Amino acid sequence: MNPSLSLSQTACSVPHCSLTGLHAHHPRDCFFYLRDWEPARLQALLQKNNVEFNTEPPPGSQAGLCGVMEQKEEGVRFFDAPCGAQTQAGQAGLCEKHYREYLVSLINGHSLDPAPVYDLAELGAACRRYQLDCVRGDVEDDGAYSARLLRKLMADVPLGDKVPRKK
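Residues 1 to 167 in UniProt numbering are what the sequence shown spells out, letter by letter.
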């Protein structure tokens with residue numbers, strides 16, 4: 001590495017991004033954004049796109065405890081063990097964190113764009129993030145404004161192919 005060039009001086013290669021240094025630009029279907037969605041909202045996106053998902057635990061799984069294997073640390077020792085967090089009914093025998101991860105993996109695996117279920121505030125934030133014109137028309141009601149922002153966002157900023165997706 002060139003000693004005169006540090007990460008804090010490196011310009012971003014994304015057009016219109018003025019940030020320097022180490023940072024990321026997440027696509028809107030990234031777990032970074034979707035992890036805060038309630039499972040019911042993630043399920044609604046999947047249902048809207050006719051994607052099946054599990055709600056019942058697999059046969060033979062231990063009731064009430066999440067069995068997803070995780071790497072855990074105890075002192076200087078690492079070991080694999082089940083998550084062990086409490087599960088909730090209707091979440092396929094997984095804790096909420098792992099159930100959200102499962103649903104987002106289905107969304108990504110089917111290349112689903114979450115934008116069609118955004119509310120008006122989320123559409124505005126996404127358009128501003130990508131520096132799209134989001135000026136509201138003088139007589140534009142919420143429905144028309146929302147529909148226009150959604151069309152613009154999906155046309156001008158497609159999800160792209162940088163996220164590994166099943167094709």
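Glycine included, each C-beta is placed from N, C-alpha and C at the ideal position.
Just so it is clear, the structure is predicted and the values come from calculations on it, not from any experiment.
Residues near residue i by beta carbon distance below 6 Å, same chain, minus five either side
i          : result
glycine 67 : Ser61 and Pro82
valine 157 : Tyr130
Neighbourhood of residue i by C-beta distance below 8 Å, restricted to the same chain and skipping five residues each side
i             : result
glutamine 131 : His16
arginine 151  : none
methionine 69 : Asp80, Ala81, Pro82 and Cys83
Same chain, Cβ closer than 7 Å to residue i, neighbours up to 5 away in sequence not counted
i            : result
arginine 128 : Cys134
proline 39   : Gln91, Glu96, Tyr99, Arg100 and Leu103
glutamine 43 : Phe53 and Leu103
threonine 10 : Thr20 and Gly21
residue 191  : Beyond the ends of the chain as shown, which are 1 and 167, falls residue 191; an answer cannot be given.
Paired residues, beta bridge with residue i - DSSP
i            : result
aspartate 80 : Gln71
leucine 65   : Gln86
alanine 11   : Thr20
Check: residue i C-beta below 7 Å from any heavy atom of the ligand ADP
i          : result
proline 59 : Ligands are entirely absent from the displayed structure, and the ligand ADP is therefore not among its contents.
Anticipated Cβ contact below 8 Å, residue i with residue j, distance rounded
i          : j          : result
leucine 45 : valine 117 : 5 Å
Meets three-Cβ-pair contact criterion under 8 Å: the stretch 37 to 56 and the stretch 92 to 108:
yes
Could you give the uninterrupted runs of the beta strand (DSSP E) lying entirely in the stretch 18 to 55, keeping only those of 3 residues or more?
none
Enumerate, from N- to C-terminal direction, the unbroken alpha helix (DSSP H) stretches of 4 or more residues contained entirely within the stretch 96 to 146.
96 to 109 and 120 to 129
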